[in-house]
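Following: one structure in structure tokens, then a few remarks.
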Amino acid sequence: MQNPGTGFTRRSSRKPRKRLAPSEKYELFIQVLTQQATQREAAEKYGVDRSTVVHICRTAKQGALDALAASVPGRPGMTAEQAELAEARAELERLRATVTEQAVALHLNQGKSHWD
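Mapping the sequence shown onto my numbering, position 82 (from 1) lands on 127, and the numbers just tick up by one.
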């Protein structure tokens, strides 16, 4: 690559980007996590920059934390959003039942003649 104005050729010290498959990222993360490889060794083995290894490890850790936070005891396989939706639906049903009870009580209390 020629540097504008100088005529000199500049070599880039960066490696071309290499895209790892999700399974490779997972393997890389496990190797670093279990101390089978250092970040530097993993970067060399998979042909990526060390900052990429750091990013993969950070992302994997956050993903695991998010999945554990979404795990609601007693409701296997339900995400946090699904649990929240189920709670909202139960609350809606409770409110519907309350309004129905109040409408019936009002009807019985005031009598039907007022609604005719």
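Cβ coordinates follow ideal geometry from the N, Cα and C atoms, glycine included.
Since the model is a prediction, treat every value here as computed from it, not as a measurement.
Subject >> Validate contact between the stretch 96-108 and the stretch 62-75 using beta carbons, cut 8 Å, 3 pairs >> reply: Touching, yes, given that three or more Cβ pairs across the two stretches are closer than 8 Å.
**OP:** Sort 140, 148 and 65 by Cα distance to residue 90 and report the nearest one.
**Re:** Relative to the Cα of residue 90, the nearest Cα in the group 140, 148 and 65 belongs to 65.
Original post:
Around the C-beta of residue 145, are 16 or more other C-beta atoms found within 10 angstroms, so that it is buried, or is it exposed?
Top reply: That one is exposed.
Original post:
Contact check, residue 114 vs residue 131 under 8 Å by CB: the rounded distance?
Top reply: Wrong, their Cβ atoms sit about 17 Å apart, outside the cutoff.
**OP:** Pull up the distance between the alpha-carbon of residue 108 and that of residue 155, whole angstroms please.
**Re:** Approximately 58 Å, taken between the alpha carbons.
Subject >> Top-ranked residue by Cα proximity to residue 97, from 116, 63, 137 and 148 >> reply: Of 116, 63, 137 and 148, the residue nearest in Cα terms is 63.
**OP:** Could you please give the first and the last residue of the uninterrupted alpha helix (DSSP H) stretch that includes residue 92?
**Re:** In the DSSP assignment, residue 92 falls outside any alpha helix (DSSP H) and carries neither an H nor an E.
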